[in-house]
Amino acid sequence: RPALSTDALAGLMMEEVPLARIAQAVGTPTWVYSAGTLRRRARALCDALREAGLDATVHFATKSNPNLAVVALLAGEGLGADVVSEGELRAARAAGVPASGIVFSGVGKTEREMRLAIAEDILQLNLESAEEAEMLDALARSLGRRARVALRVNPDVDARTHAKITTGLTENKFGVPIALAPALYARLCAMEGLEVVGLATHIGSQITQGVSSYAAAYARLGSLVRELRAQGLPVERVDCGGGLGIPYRDEIPASPAALAGTIKAGLGDAGVKLMLEPGRWIAGPAGVLLSRVVIEKQSAGRRFVILDAAMNDLLRPAMYEAWHGILPVSPAAFHAPQTPADVVGPVCESSDTFAKGRNLPALPPASLVAFLDAGAYGASMSSTYNARPLAAEVMVNGSDWSVVRERQGYEQLLAGQRIPGWITRPGE
Ligand code: LLP
């Protein structure tokens, strides 16, 4: 984690900025992103693809972090965007991603979303079913347009990741079974409202068990490309999806170079342009969630550290039993003796638990801690559960830092709600 370091006086730093300084100025909980890490990781991925000799573009999966500053910074590095909703499409455009760099994925694109994608003339929509293809074809024809599409194929390989984030098995809702793809692809090519440009796949997220699942998927896609070409059908590009994992704890995920090599082995001689849709690998290690200790309590022989961040902020531990590193920020805590603690939030659910039995120093009230690897699927999965406002987001760049999303105010939190006149309020 090159962006994080410890300073004997200033405590835990991101790049050249003490995290305590940010907490003091902006309050907590706050997400803090490193511009340097985002840039470095975007470049490392692009370099690995180039060094493997692949003709590939990278489209950042904005679902992992749709903050406009993050997407804009990555757009500046030449990355496009992989979006899954009108909101993400608008965010990508607002951040300066050209429409020609945007791919729209997802099993349930609404007609309104399709209309916007056509109006914006984005790079491609990844179609997930025959039904969706018919809907888009009819819409495009009614507009006198042709929508560029790829067919998302489900290669039926096990990505060997958490069940909630695996997507490439036949039992998952994603894509069309690979066995049915040739016939459907031919049907799509005959639709007047569609310009069929190729294939797409995505087998899952947080893939850490080597590249064998990728290898199986890309080999199947490679033979499908050859089969379609043999039928005289055009296949210009293959979108290889995302999913490359990161080490949250002790996982040893494959490197971008290994992934690039695997893509090359499966699709390198298919004569197609390649696309990648990484989210977590780029943004995950670039962010921390900064939180303050409200209080420590002892109960039934257990030590509980209660934070001002909760599952509504960082949902991953509650939802996937995900492990995030937790570091104290104060230099006084670095070498203090540690004892096991359950680290919890204030939300009224037992699942609002970030860690159990984690070794931590004594953390008096107002001590700061940082959750590591929180730059992907952190802020983007937040909610306002327990009427807790969305946390602020900050980006650090060298010795400089900026608020890139203000903390939600209580007025904003209540905004838009109405009490109908027919509800009598006490005292009326
Ligand atoms: N492309 C498609 C079609 C996807 O569905 C996803 C993620 C990605 C790309 C990006 O995958 P990545 O490179 O980030 O692994 N909330 C979960 C992760 C859900 C991922 C959903 N799809 C988590 O916090 O672990």
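Quick note: the UniProt record's numbering has the sequence shown finishing at residue 450, numbered continuously throughout. For every residue, glycine included, the Cβ atom is placed at its ideal position computed from N, Cα and C.
Item: Bridge partners for D159 per DSSP, in chain order?; Value: According to DSSP, which records beta bridges pairwise, D159 is partnered with nothing at all.
Item: Which same chain residues, not among the five before or five after L255, have their C-beta less than 7 Å away from its C-beta?; Value: Y207, A208 and C211
Item: What do you reckon, are the CB atoms on V425 and L382 nearer than 8 Å?; Value: no
Item: G288 lies in the alpha helix (DSSP H); which residues open and close that run?; Value: P278 to L289
Item: In chain order, what residues of the same chain lie with their CB nearer than 6 Å to the CB of V106, ignoring the 5 residues before and after it?; Value: K85, S127 and G128
Item: Taking only three categories from DSSP, how would you classify N408?; Value: helix
Item: Measure the CB-CB distance between V171 and L147 and report whether it falls below 8 Å.; Value: yes
Item: In the structure shown, what three-state DSSP assignment does E273 receive?; Value: coil
Item: Just reading off the beta strand (DSSP E) that I348 is part of, what are its end residues?; Value: I348 to P350
Item: Would you check if the distance between the CB atom of N419 and the CB atom of A66 is smaller than 8 Å?; Value: no
Item: Quick check on this structure: which residue in A305, I200, G215 and L311 has the alpha carbon closest to the alpha carbon of A238?; Value: I200
Item: With a 10 Å radius around its C-beta and 16 neighbouring C-beta atoms as the bar for buried, classify D422 as buried or exposed.; Value: exposed
Item: Please confirm if the segment 289–297 is in contact with the segment 404–418, defined as three or more CB-CB distances below 8 Å between the two stretches.; Value: no
Item: Among the candidates L60, V48 and D29, whose CA atom is the shortest distance from the CA of A308?; Value: L60
Item: Tell me the start and end of each unbroken beta strand (DSSP E) in the segment 368–418 that is at least 3 residues and wholly inside, in chain order.; Value: 375–383 and 390–393
Item: How far does the beta strand (DSSP E) with P362 in it reach, from first residue to last?; Value: Q360 to V366
Item: Please confirm whether any heavy atom of the ligand LLP lies closer than 7 Å to the CB of G123.; Value: no
Item: Exposed or buried, which one is G109 when buried takes at least 16 other CB atoms within 10 Å?; Value: exposed
Item: Return helix, strand or coil for residue 4, following the three-state DSSP convention.; Value: Summary: the structure shown does not reach residue 4, with the chain confined to residues 23 through 450, and so no result is reported for it.
Item: Would you call Q228 buried or exposed, if buried means 16 or more other Cβ atoms sit within 10 Å of its Cβ?; Value: buried
Item: With burial defined as no fewer than 16 other Cβ atoms inside 10 Å of the residue's Cβ, what is the status of L296: buried or exposed?; Value: buried
Item: Taking 8 Å as the threshold, find out whether the segment 389–407 comes into contact with the segment 37–56 through three or more Cβ pairs.; Value: yes
Item: On the DSSP letters alone, give me the boundaries of the beta strand (DSSP E) that A83 sits inside.; Value: A78 to A83
Item: Have a look at the DSSP bridge pairing and note the partners of R314.; Value: L390
Item: On the DSSP letters alone, give me the boundaries of the alpha helix (DSSP H) that V48 sits inside.; Value: L41 to V48
Item: Using 8 Å as the cut-off, can you tell me whether the segment 313–330 makes contact with the segment 156–174, which would need three or more C-beta pairs spanning the two stretches below that distance?; Value: no
Item: Check each candidate in A113, G367, M136 and A155 and name the one with the smallest Cα separation from E214.; Value: A155
Item: For A78, which of P204, E299, I225 and R137 has the nearest alpha-carbon?; Value: E299
Item: Any heavy atom of the ligand COA closer than 7 Å to the beta-carbon of E371?; Value: Ligands in the displayed structure: the ligand LLP; the ligand COA is not one of them.
Item: Since L312 contacts V260 with CB under 8 Å, what's their CB separation in whole angstroms?; Value: Their Cβ separation, rounded to whole angstroms, is 40 Å, which puts L312 and V260 out of contact at 8 Å.
Item: For the alpha helix (DSSP H) that W303 lies in, which residues bound it at each end?; Value: R302 to A305
Item: Have a look at I441, A409 and E450 and flag the residue whose alpha-carbon is nearest the alpha-carbon of Q434.; Value: A409
Item: Would you mind listing the beta strand (DSSP E) stretches within the segment 91–133 that are 3+ residues and don't spill past its ends, in chain order?; Value: 102–105 and 124–126
Item: Could you tell me which whole beta strand (DSSP E) segments of length 3 or greater appear in the segment 203–278?; Value: 216–222 and 259–261
Item: Hey, out of L246, K186 and H357, whose CA is closest to D29's CA?; Value: H357
Item: Give the DSSP-derived three-state secondary structure of G438 in the structure shown.; Value: coil
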